[in-house]
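Structure first, commentary second.
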Amino acid sequence: MRWPQLLSSAAVLLPALAAARPAELDARDQILLTSTPSSALDDAHDSARIPRDEPEIGTGHLSQWSKQNKADFLHALRNNSASDWVVVMGNEASDADSLVSALALSYMYTHLPEPRKAVALLQREEDALDLRPENGLALHYARMSSGHRDLLTIDDLPMKPEEVSRRIEGIALVDHNVPLSVWAGAKVVAIFDHHDDRGYANDTANPRIIERSGSCSSLVTRYMLDQLPDSASSSFHGPIPKELIELILRTIAVDTSGLKKDSSQPVDLEAAERIFPRSTWRNRDFKTSMKLLDKDMSASRKALDTLDVRSLLRRDWKGDVIKTKSSKHSMISLGFASAPVSLEEQIERTPEGTAPEWFAIERAWTSEIQADVSVALTNFRGDDGEKHRQLAVVVAHGYGHRLHDGSANRLFRAIVKAIEDSGVEGMKKWKRPDGKKLLPRRAVWQYQSDFASRKYWRPIIEASVREWEG
């Protein structure tokens, strides 16, 4: 099977971005969604237009700062003079929360009374970031360059992360609290996260803030504002850029469904209320504004109609190498994909519209990244209007993979047992649309659950791999 190269961000996402804008927003709502003062009605409405086909060059203060900061870090790294730099990184999915949290913390570090050299790193390739239309839309509003060009991405690094780790002061983790194995040699100097605490870097991370929140950016924002005097007009060295403030508000809004009680924690409300008066929207109603920002970002986040199966798997992939108890297969590469698109719809997006082709695309993608085990999760509304989830597990073996038939079968059984013993009720085996059986070392379940998302399954499945004896 021949795989088409990923198109440029504009070509792939312009239809999605156009579809992402809620049609029901009136003129005043459109003005709110821009960073333009509300008095300039016509100019504001014009500035809210969707990005054009040609690349955009960032014009905002945040864009200029980020671009220069990225260049300074890469220059220091190449010249082996980056020992006083901190690399602030979100998790490998690089969603809006990870992106904005890393950007905000690095900006804060560099603008303290005693500045600290810091750069935000997105742990994805630049073209993979384009698979998240909400990121592109938020950065467009923030007057940053299209294609994430102002930001440091993993493929910008001139050397492997293991070598970078030896040349820098350390790393700060946001939106996760254990670094990927490639960064294991780096000193962790700070952690901001809202996932389960795995006890990493207790002796080196300062601050080490791990607590429940709807958005990790809320934790970073609270900390950032705590470094300032109470006055809303106070600053580090110069004011916090309006573009950064509004990126933060957009992120908190979409991660908390507009600050709904069941999607947020007190820190989310606190952070948003404290930073909102610094935004250009400060004269508007706070709660209404957050709801509108959520509506705009959520529509963009869901605009995935243009993505094929490979892009859906790649778009929100989190994975790492897991150390096992097996003497023969001591390291297993395990990854998790998540998409708000049902498996049935994904199958329809394959060239032939068949389940075998979906698994062929999955195998090609995991072979490309050398993953031994892949877990694909979906969440969607069914024809009954109810929320449904699916979980697909594939253990690869044979040519190009580390596992042979016997070891792959044993690992597959260990993972399946962990899933079936997890306590999630109502898990039913999924059936192929054509009624045929799945091939060996493949399993798919369908279920309904408010909690059993990737955050729930990842530690369970990783633990089963970690305990596997081969």
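So in our numbering, the last one in the sequence shown is 487, and the numbering has no gaps at all.
Positions of the beta carbon are idealized from the N, C-alpha and C atoms, including for glycine.
Please read these numbers as outputs of a predicted model, since none were measured by experiment.
Since residue i sits in a beta bridge, which residues does DSSP pair it with?
i, result
"Arg225", "Ile208"
"Met348", "Lys340"
"Leu138", "Met106 and Leu169"
"Asn219", "Answer is none; Asn219 lacks a bridge partner."
"Phe353", "Lys335 and Val392"
"Leu79", "None; Leu79 has no bridge partner."
"His405", "Phe397"
"Val411", "Ser391 and Arg459"
"Lys308", "Lys308 pairs with nothing; no bridge assigned."
"Lys445", "Gln463"
Are residue i and residue j close, meaning C-beta to C-beta below 8 angstroms?
i, j, result
"Leu236", "His211", "yes"
"Val326", "Gln282", "no"
"Ile257", "Arg215", "no"
"Glu186", "Asp322", "no"
"Arg184", "Ala99", "yes"
"Val103", "Ala218", "no"
"Glu131", "Thr170", "no"
"Lys340", "Phe353", "no"
"Asp389", "Val412", "yes"
"Leu310", "Leu120", "no"
"Leu456", "Gln407", "no"
"Glu228", "Val284", "yes"
"Ala207", "Asn194", "no"
"Leu330", "Glu379", "yes"
"Ser118", "Val191", "yes"
"Arg160", "Gly75", "yes"
"Arg239", "Glu287", "yes"
"Leu2", "Ser83", "Lying before the first or after the last residue shown, residue 2 is absent from the chain, which here runs from 18 to 487."
"Arg458", "His414", "yes"
"Lys342", "Glu179", "no"
"Tyr158", "Glu263", "yes"
"Ala469", "Val441", "yes"
"Trp502", "Thr383", "Since the first residue shown for the chain is 18 and the last is 487, residue 502 is missing from the structure and cannot be characterised."
"Ile349", "Val136", "no"
Find the nearest neighbour of residue i within the set the options, judged by alpha-carbon distance.
i, options, result
"Gly487", "Trp447, Arg427 and Ser470", "Arg427"
"Pro175", "Glu290, Asn97, Tyr464 and Pro476", "Asn97"
"Thr273", "Met241, Lys308, Lys259 and Gly336", "Lys308"
"Tyr473", "Gly75, Val392 and Glu109", "Val392"
"Phe90", "Leu79, Leu245, His78 and Val105", "Val105"
"Ile478", "Ser343, Arg166 and Val433", "Val433"
"Asp401", "Ile436, Glu365, Ile386 and Gln465", "Gln465"
"Trp462", "Arg398, Asp279 and Gly443", "Gly443"
"Arg449", "Leu324, Glu437, Arg471 and Ala372", "Ala372"
"Ala3", "Ala93, Leu138, His128 and Leu94", "Since the first and last residues shown for the chain are 18 and 487, residue 3 lies out of range."
"His78", "Lys259, Gln387, Thr383 and Arg267", "Lys259"
"Lys177", "Lys134, Leu94, Tyr126 and Leu154", "Leu94"
"Ala460", "Ile386, Ala431 and Asp467", "Ala431"
"Glu403", "Lys204, Asp467, Glu365 and Lys277", "Asp467"
"Leu129", "Leu245, Asp172, Phe303 and Arg475", "Leu245"
"Lys445", "Gly202, Lys277 and Glu437", "Glu437"
"Lys278", "Thr297, Ala320 and Lys304", "Lys304"
"Gly370", "Ile386, Gln387, Asp451 and Ser439", "Asp451"
"Ser424", "Ser344, Tyr126, Lys319 and Ala203", "Ser344"
"His92", "Glu365, Arg166, Val358 and Asp173", "Asp173"
"Ala155", "Arg475, Thr297, Asp220 and Arg267", "Arg267"
"Asp243", "Leu197, Arg291 and Lys134", "Arg291"
"His165", "Pro72, Asn300 and Gly202", "Pro72"
"Leu324", "Val358, Asp422, Ala289 and Asp220", "Val358"
To the nearest whole angstrom, what separates the beta carbons of residue i and residue j, a pair I think is in contact under 8 angstroms?
i, j, result
"Leu351", "Asp337", "7 angstroms"
"Asn152", "Leu116", "6 angstroms"
"Val271", "Met314", "4 angstroms"
"Asn108", "Gln140", "7 angstroms"
"Ser163", "Ser80", "With a Cβ gap of about 11 angstroms, Ser163 and Ser80 do not count as contacting."
"Thr395", "Ala435", "Actually they are not in contact, since the Cβ atoms of Thr395 and Ala435 sit about 20 angstroms apart, beyond 8 angstroms."
"Ser306", "Pro150", "Not confirmed; about 22 angstroms, so no contact."
"Ser230", "Ile265", "No, Ser230 and Ile265 are not in contact; Cβ-Cβ is about 13 angstroms, not under 8 angstroms."
"Ser328", "Leu148", "5 angstroms"
*Taking the runs of the beta strand (DSSP E) that are 3 residues or longer, which of them lie wholly in the region 145-194?*
Counting whole runs of 3 or more residues, the region 145-194 contains the beta strand (DSSP E) stretches 187-191.
*asked:* What ranges does the beta strand (DSSP E) occupy inside the region 228-295, keeping only unbroken runs of at least 3 residues that lie completely in it?
replied: none
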